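**Student:** Residue numbers (the numbering used here): 151 to 475. Dropping the structure in here first, questions after.
Set out below in structure tokens:
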């Protein structure tokens, strides 16, 4: 039986832990796990780089014998399928003999879907499913997009002036936003598997698309170019937005430019999240952030986006919009 206050608190902690693995787990979900005994956390885990160890294995290794008769909080149904890379997490959890397993979301992967909870129940372990499911699915959005949409979760990042420009008419764009906003954007790069820009952006700016923050320089995402131009060394090239489905081990994709690329993904209805950085400047007559993507009526665009976060970054602001349910 769920205790609404304490269970929500510990599940929220597991969801927060899951974010430590975001952008580093390849094709695997970035799961978080908390083990609690007598009201105290005795084990913590999150999916490690490359996808192994899984969150449950990490938490169980920390808890050791304390996991017996404990409560396990995990953001995704423990995997139940065999793998050459390690044992199924549901078997490890059963062997630890916890009293309860509280799961935020079922695994959409047909190899595990409901098999994990059935095996836990058959072992006599109390199982609850659905606590903070929406929040957990958002935290693992890349994995769910890969399974359910056969493509990565797509975030379109736009850094613009108050009047919607990303550069002056002559192409000058450094810098629209200030240092704090740019640092935040690099944190977002560190949380993604791949970054995509258009061939025009590559030609004009020659971007590195790396993470330029101390301590995070090992988190450089895969750079991807959209268009017919040759890809720079160590980049991957795709010819159309739909080709992102073929990017290996990419759950999270960040689009950074330019206007025609943004329009092409909006036209293809393949944007899941908008990140809009606004600088308190007016350019006037500059280059617009988004090109024409075929909108025929204002009525057709209302209700498509929900504001999920807003914050101030120095003199700049950030607004995050998610696709409306």
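A virtual CB, placed ideally from N, CA and C, is assigned to each residue, including glycine. All figures in this text were calculated on a predicted structure; none of them were measured in a lab.
Per the DSSP calculation, residue 196 is bridged to which residue(s)?
**Tutor:** For residue 196, which the question treats as bridged, DSSP gives the partners 182.
**Student:** Whole angstroms are fine: how far does the CA of residue 341 sit from the CA of residue 107?
**Tutor:** With the chain represented from 151 up to 475, any question about residue 107 goes unanswered, as that position is not in the structure.
**Student:** Whose C-beta lies closer than 6 Å to the C-beta of residue 257 among residues of the same chain, with five residues either side of it excluded?
**Tutor:** 226, 227, 263
**Student:** Quick check: the segment 329–347 against the segment 169–183, are there 3 or more CB pairs under 8 Å?
**Tutor:** yes
**Student:** Measure the alpha-carbon distance for residue 369 versus residue 200 and round it to whole angstroms.
**Tutor:** In a straight line, the C-alpha of residue 369 is about 12 Å away from that of residue 200.
**Student:** Quick one: what does DSSP say residue 351 is sitting in, helix, strand or coil?
**Tutor:** Under the three-state reduction of DSSP output, residue 351 falls in the helix class.
**Student:** Measuring alpha carbon to alpha carbon, tell me which residue in 345, 319, 403 is nearest residue 303.
**Tutor:** 403
**Student:** Between the alpha carbons of residue 386 and residue 375, how many angstroms are there, rounded?
**Tutor:** Between residue 386 and residue 375, the alpha-carbon positions lie close to 6 Å from each other.
**Student:** Decide if the segment 353–366 is in contact with the segment 304–316; the criterion is three or more beta carbon pairs, one per stretch, under 8 Å apart.
**Tutor:** no
**Student:** Exposed or buried, residue 248, counting other C-beta atoms within 10 Å across all chains shown (16 or more means buried)?
**Tutor:** Counting of Cβ neighbours within 10 angstroms places residue 248 among the buried residues, the total reaching 16 or more.
**Student:** In its own chain, which residues sit with a C-beta less than 7 Å from the C-beta of residue 95, not counting the 5 before and 5 after it?
**Tutor:** The displayed coordinates of the chain run from 151 to 475. Any statement about residue 95 would go beyond what the structure contains.
**Student:** I need the straight-line Cα distance from residue 232 to residue 243, nearest angstrom please.
**Tutor:** Going from the Cα of residue 232 to the Cα of residue 243 covers about 15 Å.
**Student:** Taking the alpha carbon of residue 328 as the reference point, which residue from 205, 165, 466 has its own alpha carbon closest?
**Tutor:** Relative to the Cα of residue 328, the nearest Cα in the group 205, 165, 466 belongs to 466.
**Student:** Entirely within the segment 370–429 and at least 3 residues each: give me those beta strand (DSSP E) ranges in chain order.
**Tutor:** 372–376, 386–388, 402–407, 423–428
**Student:** So who's on the other strand from residue 310, going by DSSP bridges?
**Tutor:** 428
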